[in-house]
Amino acid sequence: MVFNLFHSFTLPLIFALSAAGFNNTVYLISNAETPSLGLPGLTPIGFQRANDCLPALLAPLDIGFIVTCAFDPESGHCSETITTATPIGNALRLPLNTTCGADEKTDDDCVHNLLNSFSLTSTQAMLVVWDLSDFDSLFENLDIDDDFPGGDDEDDDDGDEVPHFDVLTTVVKKKVTAQVSQGCAGIDGQAPGTFRRSLRRHSMKKRQLPKRMIRRHRKIAENRHQKGNPLSPTLN
Ligand SMILES: *[C@@H]1O[C@H](CO)[C@@H](O)[C@H](O)[C@H]1NC(C)=O
Ligand SMILES: *[C@@H]1O[C@H](CO)[C@@H](O)[C@H](O)[C@H]1NC(C)=O
Numbered sequence: 111m112v113f114n115l116f117h118s119f120t121l122p123l124i125f126a127l128s129a130a131g132f133n134n135t136v137y138l139i140s141n142a143e144t145p146s147l148g149l150p151g152l153t154p155i156g157f158q159r160a161n162d163c164l165p166a167l168l169a170p171l172d173i174g175f176i177v178t179c180a181f182d183p184e185s186g187h188c189s190e191t192i193t194t195a196t197p198i199g200n201a202l203r204l205p206l207n208t209t210c211g212a213d214e215k216t217d218d219d220c221v222h223n224l225l226n227s228f229s230l231t232s233t234q235a236m237l238v239v240w241d242l243s244d245f246d247s248l249f250e251n252l253d254i255d256d257d258f259p260g261g262d263d264e265d266d267d268d269g270d271e272v273p274h275f276d277v278l279t280t281v282v283k284k285k286v287t288a289q290v291s292q293g294c295a296g297i298d299g300q301a302p303g304t305f306r307r308s309l310r311r312h313s314m315k316k317r318q319l320p321k322r323m324i325r326r327h328r329k330i331a332e333n334r335h336q337k338g339n340p341l342s343p344t345l346n
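Laid out in structure tokens, this is it:
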């Protein structure tokens, strides 16, 4: 009851706040490697990543909040996200916040609202550990623009981008500012004796906003237009 009253009176205010967004850095990683054929748990490499690499990698990044998702039996998403995030949480002495699921019932804005609520009381960075196969929805729900200068802007809607477990993505103000390999010793990067294929086709590819970003921006632009908001984003 109290919540409902609060909600109806402050909805425009909350909209204004969330539209303004937060300044806290958000780090995104996926679950570590999982076995084939639906076997539970992590692979030996995934276990090594989660336990021997990620906690040390993330410890210096001033992370104050960890968001991850619990296993959703229906979609099969998030089977090993908690397993991956637990050693990090232990090392940083932070609980894992699993309020938002990767299921149909969870509101699309859940993770954004959760991050936003933490940002109201802290300037510390936030970590999201999410299912690799659900990253596209996560990016869309967080309204993240991954078309960053100098970055790998391969349009994954083309379906020719192979997802990788070792990527650490940094997001500031809904923009991807860095995407690097976690560089875990002995398991990431190129093995000795392997070749780097020509990147010619890739670099010649026309830079373009992923289709989902365009859809999302159109939707926001339309909403704002209807509300007469002068901050409507423009598409080029
Ligand atoms: C974010 O930083 C800008 C300055 O870069 C500041 O004007 C704004 O108030 C900050 N927003 C929040 C929510 O702290
Ligand atoms: C998750 O974080 C939110 C926002 O800080 C907080 O209100 C909530 O209690 C947390 N939930 C758990 C289970 O830690």
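Residues in the sequence shown are numbered from 111 upward in steps of one, following our numbering.
Even glycine gets a Cβ: it sits at the ideal position worked out from N, Cα and C.
Note that the coordinates shown come from a computational prediction; the quantities given were computed from them, not determined experimentally.
ask   = Any heavy atom of ligand 2 within a distance shorter than 8 Å of the CB on F354?
value = Past the edges of the chain, shown from 111 to 346, lies residue 354, and the structure says nothing about it.
ask   = What three-state label does DSSP hand T280 in the structure shown?
value = If you number the sequence shown from 1, residue 280 lands on position 170. Strand at T280.
task = Please look up how many angstroms separate the CB atoms of G131 and C179, rounded, as I've assumed it's under 8 Å.
result = As a working mapping, residue 131 is identified with position 21 in the sequence shown. As a working mapping, residue 179 is identified with position 69 in the sequence shown. About 22 Å; that fails the 8 Å criterion.
key: C-beta atoms of L252 and F175 nearer than 9 Å   = As a working mapping, residue 252 is identified with position 142 in the sequence shown. As a working mapping, residue 175 is identified with position 65 in the sequence shown. Cβ atoms of L252 and F175: not closer than 9 Å.
query = Using a Cβ-Cβ cut-off of 8 Å (strictly less than) and excluding sequence neighbours within five positions of P187, which residues of its own chain qualify?
reply = On the sequence shown, position 77 is the one that residue 187 refers to. It is worth fixing the name first, because residue 187 is His in this sequence and not Pro. If we look at H187 and ignore the five residues flanking it on each side, its Cβ neighbours are C179, F181, A212, D213, D241, S243 and D244.
message = Suppose you measure from the CA of S291 to the CA of D246; what does that come to, to the nearest Å?
response = For the purposes of this step, residue 291 is identified with residue 181 of the sequence shown, where counting begins at 1. For the purposes of this step, residue 246 is identified with residue 136 of the sequence shown, where counting begins at 1. If you draw a straight line from the Cα of S291 to the Cα of D246, it comes to about 18 Å.
task = Tell me L255's beta-bridge partners as DSSP assigns them.
result = The residue you call residue 255 lines up with position 145 of the sequence shown. It should be pointed out that residue 255 corresponds to Asp in this sequence rather than to Leu. DSSP output for D255 lists K285 as bridge partner(s).
query = Relative to the alpha-carbon of G156, which residue among A301, P302 and G296 has its alpha-carbon at the smallest distance?
reply = For the purposes of this step, residue 156 is taken as the residue at position 46 of the sequence shown. Here the closest residue by C-alpha is G296.
Residues of its chain near E143, where Cβ-Cβ distance is below 8 Å and the 5 sequence neighbours each way are ignored = As a working note, residue 143 is residue 33 in the sequence shown. Taken in chain order, the residues that qualify are L152, T153, I155, G156, R159 and F275.
query = What span of residues does the beta strand (DSSP E) with A235 cover, start to end?
reply = Your numbering for residue 235 matches position 125 in the sequence shown. Boundaries of the beta strand (DSSP E) harbouring A235: A235 to W240, taken from the DSSP string.
query = Would you say S291 touches ligand 1, meaning its beta carbon is less than 8 Å from a heavy atom?
reply = The residue given as residue 291 occupies position 181 in the sequence shown. False, no ligand heavy atom lies under 8 Å from that Cβ.
Nearest-angstrom Cβ-Cβ length linking I192 and L206, presumed shorter than 8 Å = Looking up residue 192 in the sequence shown gives position 82. Looking up residue 206 in the sequence shown gives position 96. Going by Cβ atoms, the distance from I192 to L206 rounds to 6 Å, so yes, they are a contact pair.
query = With respect to 8 Å, is the separation between the Cβ of T193 and the closest non-hydrogen atom of ligand 2 below this value?
reply = For this step, residue 193 is matched to residue 83 along the sequence shown. No, ligand 2 has no heavy atom inside 8 Å of this Cβ.
task = Could you please give me the residues that DSSP links to T140 through a beta bridge?
result = Position 30 of the sequence shown, counted from the start, is the residue given in the question as residue 140. Before going further, note that residue 140 is Ser rather than Thr in the sequence given. Under DSSP, the beta-bridge partners assigned to S140 are W240.
ask   = What does H187 pair with, by DSSP beta-bridge criteria?
value = Translated into the one-based positions of the sequence shown, residue 187 becomes position 77. Its beta-bridge partners are D182.
key: C-beta atoms of D255 and K285 nearer than 9 Å   = Walking along the sequence shown from the start, residue 255 turns up at place 145. Walking along the sequence shown from the start, residue 285 turns up at place 175. Yes. Within cutoff.
key: Q158, enclosing alpha helix (DSSP H) - first and last residue   = Along the sequence shown, one-based indexing puts residue 158 at 48. Q158 -> alpha helix (DSSP H) spans P154 to Q158.
request  = Report the rounded CA-to-CA distance for I139 versus P150, giving the unit in angstroms.
outcome  = Counting from one through the sequence shown, the residue named residue 139 turns up at place 29. Counting from one through the sequence shown, the residue named residue 150 turns up at place 40. The alpha-carbon separation between I139 and P150 amounts to approximately 19 Å.
request  = Run the proximity test for S229: is its beta-carbon closer than 8 Å to any non-hydrogen atom belonging to ligand 1?
outcome  = Taking the sequence shown and counting its residues from 1, one reaches residue 229 at position 119. Look at S229: its beta carbon is less than 8 Å from one of the heavy atoms in ligand 1.
ask   = Hey, is L224 close to ligand 2, as in C-beta under 8 Å from one of its heavy atoms?
value = Within the sequence shown, numbered from 1, the residue matching residue 224 stands at position 114. True, at least one ligand heavy atom lies under 8 Å from that Cβ.
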